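Chains as they are written, first to last, in UniProt numbering: chain A, 1 to 199; chain B, 1 to 199.
2 protein chains.
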Amino acid sequence: MTNDALTLAVLVGSTRPARRGPMVAAWVADAARRHPRFAQVDVIDLADLRLPLLDEPVPAVFGDYRNPHTLRWAETVRSYDAFVVVTPVHNASYPASLKNAVDYLYAEWNGVVVGFVGYGAHGGTRAIDHLRTVFAEVKAVTVPQEVSLELLADVDFNDAEPADPTAPGRLAPRPQQQDALDALLDAVAVWARPRAAVG
Amino acid sequence: MTNDALTLAVLVGSTRPARRGPMVAAWVADAARRHPRFAQVDVIDLADLRLPLLDEPVPAVFGDYRNPHTLRWAETVRSYDAFVVVTPVHNASYPASLKNAVDYLYAEWNGVVVGFVGYGAHGGTRAIDHLRTVFAEVKAVTVPQEVSLELLADVDFNDAEPADPTAPGRLAPRPQQQDALDALLDAVAVWARPRAAVG
Chain A
1 MTNDALTLAV LVGSTRPARR GPMVAAWVAD AARRHPRFAQ VDVIDLADLR LPLLDEPVPA
61 VFGDYRNPHT LRWAETVRSY DAFVVVTPVH NASYPASLKN AVDYLYAEWN GVVVGFVGYG
121 AHGGTRAIDH LRTVFAEVKA VTVPQEVSLE LLADVDFNDA EPADPTAPGR LAPRPQQQDA
181 LDALLDAVAV WARPRAAVG
Chain B
1 MTNDALTLAV LVGSTRPARR GPMVAAWVAD AARRHPRFAQ VDVIDLADLR LPLLDEPVPA
61 VFGDYRNPHT LRWAETVRSY DAFVVVTPVH NASYPASLKN AVDYLYAEWN GVVVGFVGYG
121 AHGGTRAIDH LRTVFAEVKA VTVPQEVSLE LLADVDFNDA EPADPTAPGR LAPRPQQQDA
181 LDALLDAVAV WARPRAAVG
């Protein structure tokens, strides 16, 4: 069973304009596509889903989804065995857009393996800490290995106005970050189970 | 200075349909209006504001707000000295709607005193824990006293179908919860400073 090919989604957690999430996700997806265990690797950008703030009348744990956007999102999550969640830190925690997307579903997260790639002045670590409790609640398994990209060390601002907060810069991870990402992907591959095995 | 009258907002943190937040906020506001230190007590329901997921291109810390809904929200928050935040627990943390509303602003939260009233199966305590780090990041001061309403002990479901998750029930707090609320409001009154003193 553990040799089965896995499907992996790299989730862009922030939907804010001028966010850095897409370039971080592209870096993660590139590495994942080189990994032998992942047969399919897709980037899912929450900005494309355009989920409104949670508008389901019944809590997700009851599985009684009413809205078309919820049903579409459920189908999407259900099609992956594992996730790498790319998250910035917003005010010492995760962005609302990411929590909103998690809260829409329940059963679809059960048994999923999740790894975190954080970014921010201090590597997004506080966002990751809060997300571990959130994903545990929806019965996903989070791997301890994580990647924490630091804005002043892993992003190149040379071609941007340094004082412009809307300039995302260009991702230039230090070599140890590539190692950390490979370790994260290895851990996800070790712990993830195909949906057929857990569902 | 500490004898100055204070303005207090009771913030309904969840915007989910069938939420219990408005009835909890009404209970908090009733008690606050009986408190001698609060000259003005208003309930602010985030559902009425209809804030979209954070769509400002510049992080709030830079104070460069671009959207009309952000400017309106900033003006609202700026007009209060203190907040009681009413929060459910969604997946072992706060609801996305509440974090979204916090993340829109920065300077307007600075120096504000915040108290928490949580509700949920276990009193919303995990939501409150995460919110303390969030509000500290926007330089608000959170008082240690808190109210944790437990759904099975402080809500009367007698006139509802118990198995229906969309039935909010009727708030019926145990006597000790009223005491806890009064202690929370006292603490907010002790620590809050009029905006003129901190702004």
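Ideal Cβ placement from N, Cα and C applies to all residues, glycine included. Since we're looking at a predicted model, the values are computed, not measured.
| query | result |
| --- | --- |
| Interface flag, threonine 76 of chain A vs chain B, CB-CB below 8 Å | no |
| CB contact flag (proline 66 of chain B, glutamate 56 of chain B, <8 Å) | Proline is not the amino acid found at residue 66 of chain B; the sequence shown has arginine there. Yes. Within cutoff. |
| Cβ of alanine 18 of chain A within 8 Å of any chain B Cβ | yes |
| Distance CB(tryptophan 191 of chain A)-CB(valine 143 of chain A) smaller than 8 Å | yes |
| Continuous alpha helix (DSSP H) assignments of at least 4 residues falling wholly in the region 121-159 of chain A | 125-137, 151-154 |
| Reduced DSSP secondary structure (H/G/I, E/B, other) of leucine 181 of chain A | helix |
| Cross-chain neighbours of residue 248 of chain A in chain B, by beta carbon under 8 Å | As displayed, chain A neither begins before 1 nor continues past 199, which places residue 248 of chain A out of reach and without an answer. |
| Below-8 Å beta-carbon distance, lysine 139 of chain A vs any chain B residue | no |
| Proximal residues of chain B, C-beta to C-beta of asparagine 91 of chain A below 7 Å | Val102, Asp103, Val134, Glu137, Val138 |
| Reduced DSSP secondary structure (H/G/I, E/B, other) of proline 52 of chain A | coil |
| Sub-8 Å separation of leucine 151 of chain A and tyrosine 119 of chain A beta-carbons | yes |
| Alpha carbon of alanine 180 of chain A to alpha carbon of serine 148 of chain A, nearest angstrom | 9 Å |
| Same chain only: Cβ atoms within 6 Å of residue 202 of chain A, ignoring 5 sequence neighbours per side | Nothing about residue 202 of chain A can be read from this structure; chain A reaches only from 1 to 199. |
| Chain-ordered neighbours of histidine 130 of chain B on chain A, where CB pairs are closer than 7 Å | Ser93, His130 |
| Chain B contacts from the region 59-75 of chain A (Cβ-Cβ distance under 7 Å) | Pro59, Phe62 |
| Cβ pair count under 8 Å reaching 3, the region 88-104 of chain B against the region 127-145 of chain A | yes |
| Coil, strand or helix - glycine 115 of chain B by DSSP | strand |
| Secondary structure, alpha helix (DSSP H): runs of 4+ residues fully inside the region 11-97 of chain B | 21-33, 46-49, 68-78 |
| Boundaries (first-last residue) of the alpha helix (DSSP H) holding arginine 195 of chain A | 195-198 |
| 8 Å Cβ cutoff met for aspartate 159 of chain A and arginine 174 of chain A | no |
| Nearest-angstrom Cα separation, counted from arginine 132 of chain A out to asparagine 110 of chain A | 14 Å |
| Status (buried if at least 16 other CB within 10 Å, exposed otherwise) for glutamine 177 of chain A | buried |
| Counted within 10 angstroms of its Cβ, other Cβ atoms place arginine 34 of chain B as buried (16 or more) or exposed | exposed |
| Per-residue burial, glutamate 108 of chain B [other beta carbons within 10 Å of its own, 16 or more giving buried] | buried |
| Cβ of leucine 54 of chain A within 8 Å of any chain B Cβ | yes |
| CB contact check: serine 148 of chain B to chain A, cutoff 8 Å | no |
| Sub-8 Å separation of aspartate 103 of chain B and alanine 60 of chain B beta-carbons | yes |
| For alanine 9 of chain A, the three-state DSSP class (helix, strand or coil) | strand |
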